[in-house]
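Quick note: the sequence shown, position 237, residue 218 per my numbering, numbers continuous.
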Amino acid sequence: MSLAESGEMHHAGHEQDQVNLGDLEDRFLAKSKELEVDKYFRALVKLQGSDLHMKVGQPPIVRVNGKLKQLNRGPIDLEEMCRLLFPMMNKRHRAIFDKQGGTDFAHTVSVEGETWRFRVNMLTQMGRIGLVARRVSNWIPDFSGLHLPPVMEQLCRYDQGMVLLAGVTGSGKTTTIASMLNWINAHYSKHILTLEDPIEFVYTEDKCLINQREVGEDVIDFAVGMKHAVREDPDVMLVGEMRDQETFMTAIHAAETGHLVFGTIHAASAPTTIGRILDLFPEEMHGAIRSAIAFNMRGIVAQKLLPSIKPGVGRVPTVEIMLFTPIVRKLVLEGQDEKLPDAIRIGADEGMQDFTMSLKQLVDEELIDRPTAFEVAPNREALKMALKGILVSQPGIL
-18 MSLAESGEMH
-8 HAGHEQDQVN
2 LGDLEDRFLA
12 KSKELEVDKY
22 FRALVKLQGS
32 DLHMKVGQPP
42 IVRVNGKLKQ
52 LNRGPIDLEE
62 MCRLLFPMMN
72 KRHRAIFDKQ
82 GGTDFAHTVS
92 VEGETWRFRV
102 NMLTQMGRIG
112 LVARRVSNWI
122 PDFSGLHLPP
132 VMEQLCRYDQ
142 GMVLLAGVTG
152 SGKTTTIASM
162 LNWINAHYSK
172 HILTLEDPIE
182 FVYTEDKCLI
192 NQREVGEDVI
202 DFAVGMKHAV
212 REDPDVMLVG
222 EMRDQETFMT
232 AIHAAETGHL
242 VFGTIHAASA
252 PTTIGRILDL
262 FPEEMHGAIR
272 SAIAFNMRGI
282 VAQKLLPSIK
292 PGVGRVPTVE
302 IMLFTPIVRK
312 LVLEGQDEKL
322 PDAIRIGADE
332 GMQDFTMSLK
342 QLVDEELIDR
352 PTAFEVAPNR
362 EALKMALKGI
372 LVSQPGIL
């Protein structure tokens, strides 16, 4: 290689470094400067709300304890909305927004000396720009603070396997996983690696070494991030949402090769999560996927958030927990998913619970009222009997 060629290569590499550093500079400058829209994020924090909605033709709207409330100002017109929202996006997110009609990113705002993080979805509807932002709590509550059952600790003690959190959007899955990772952080000396889109909770290292990577900011995409992950010596991994074949196969492979893997999935209950996973794959693969689930899944936790009646408590989760006991593994392998609800009820002594058992406990502890419990109960008759002290379990069915 000639000196000239070497110099050209070095110069090209130097230019590449300059481009990367320039991108970083743009990102940090964007995060450090004050934005006009931040006043609405501060209002959300002061009202202890969970979400901020901004739509052309409406005042800003916040969700507080599950209910939508308008802020005390007039509707935002299109010109003002563009002025408020476009400065929030860096070059990358603006390019995604222009191409796809929406983009996701994290946004930080300082409120009275504290830094708050928000998960932002910038969107277009009827050709107009809008925003929905979810406030991420500044601190990570423990299991008792979230009113989660003690068996959650058991799911954190495994050295290897997969733990899935199931539920709809806004059901508190992210907070529950954060409390689980923080429990591990407080009790074990391990390497926790998260791959998030975007990063929500920022962890403070206690006993664990923690690396958090944001898709699009720290790594180009999820597939590359997972390829890197196996070379980064993690003990515990958070891999985000199981939304396609590739994500699930990569995550289950990590679980098979000695890692404890946490993830989330959109499913209504713990038993129906099995079918939700299978829906990602063609039918000829279902046998192999059932086997992978049966031998590597440690537990599935499904939850829904409900308004609380207890003073000082906003919302509480009703939680269904399915542990992968020998009976559950056998039913999953044999494709007898319809019997899984019975296996959960029979496994109560091992820490399992269904939504009926969870709702009864929340009513007994005066965290929710009876109308709320019956409104969300999958089986109202079973809940009615449970509240009378009659628990129905049919071991003979298995």
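In this text, a Cβ means the ideal position worked out from N, Cα and C, and glycines have one as well. Keep in mind that this is a model prediction, so the values were computed, not measured.
Cβ neighbour criterion (16 or more within 10 Å) applied to residue i
i	result
V426	One cannot answer for residue 426 here, as it falls past the ends of the chain, which runs -18 to 379.
G123	Looking at the sequence itself, residue 123 is Asp, so the reference to Gly does not match. By the 10 Å Cβ count, D123 comes out exposed.
M333	buried
R271	buried
P263	exposed
M70	buried
D214	exposed
L59	exposed
P298	buried
R361	exposed
V205	exposed
I371	exposed
L163	Position check: residue 163 holds Asn in this sequence, whereas Leu was assumed. Looking at its Cβ environment, which holds 16 or more other Cβ atoms inside 10 Å, N163 is buried.
Inter-residue spacing [alpha-carbon to alpha-carbon] between residue i and residue j
i	j	result
R279	G142	6 angstroms
H209	L190	17 angstroms
L312	G83	41 angstroms
Q135	R54	49 angstroms
L219	E177	8 angstroms
S152	H267	28 angstroms
I158	L104	27 angstroms
H74	T306	44 angstroms
R44	L286	14 angstroms
M366	A283	22 angstroms
L261	D202	20 angstroms
C63	L49	23 angstroms
L28	F22	10 angstroms
L145	H247	10 angstroms
T337	V309	19 angstroms
T89	M35	17 angstroms
E356	P322	20 angstroms
D345	K291	12 angstroms
K51	A24	Per the sequence presented here, residue 51 reads as Gln, with Lys not at that position. Cα-Cα distance, rounded: 11 angstroms.
R138	I165	8 angstroms
K171	G108	48 angstroms
D216	N192	11 angstroms
P352	L343	12 angstroms
P41	F86	19 angstroms
T156	H128	12 angstroms
R180	E195	The sequence given here has Ile at residue 180, not Arg. The straight-line gap from Cα to Cα measures roughly 6 angstroms.
M161	G47	24 angstroms
Which residues DSSP lists as bridging residue i, in chain order
i	result
V423	For residue 423 there is no data in the structure shown, the boundaries of the chain being -18 and 379.
T157	BP columns for T157 are empty, so no partner.
L145	G244 and I281
S301	Looking at the sequence provided, one finds Glu at residue 301 rather than Ser. BP columns for E301 point to A283.
E177	E195
W97	V90
H172	L190
K50	V43
V200	V196
R326	Note: R326 sits in no beta bridge, so no partner.
D140	According to DSSP, which records beta bridges pairwise, D140 is partnered with nothing at all.
Endpoints, alpha helix (DSSP H) assigned at residue i
i	result
Q81	K72 to Q81
I258	A251 to L259
K311	P307 to E315
K320	Taken as a continuous stretch (DSSP letters only), K320 belongs to no alpha helix (DSSP H), as it is neither H nor E.
V205	F203 to A210
L136	M133 to C137
L65	L59 to L66
M338	F336 to D345
Q226	Q226 to E237
D19	D19 to K27
Boundaries of the beta strand (DSSP E) in which residue i is found, first to last residue
i	result
K365	Careful: K365 lies outside any beta strand (DSSP E), inside the alpha helix (DSSP H) at R361 to L368.
V43	I42 to V45
F243	L241 to I246
M278	M278 to P288
V220	V217 to E222
Quiz item: So does the segment 251 to 258 actually touch the segment 110 to 120, counting three or more Cβ pairs closer than 8 angstroms?
Solution: Judged by Cβ distances under 8 angstroms, the segment 251 to 258 makes no contact with the segment 110 to 120, as fewer than three pairs qualify.
Quiz item: Counting Cβ pairs closer than 8 angstroms, one from the segment 321 to 339 and one from the segment 298 to 310, do we hit at least three?
Solution: yes
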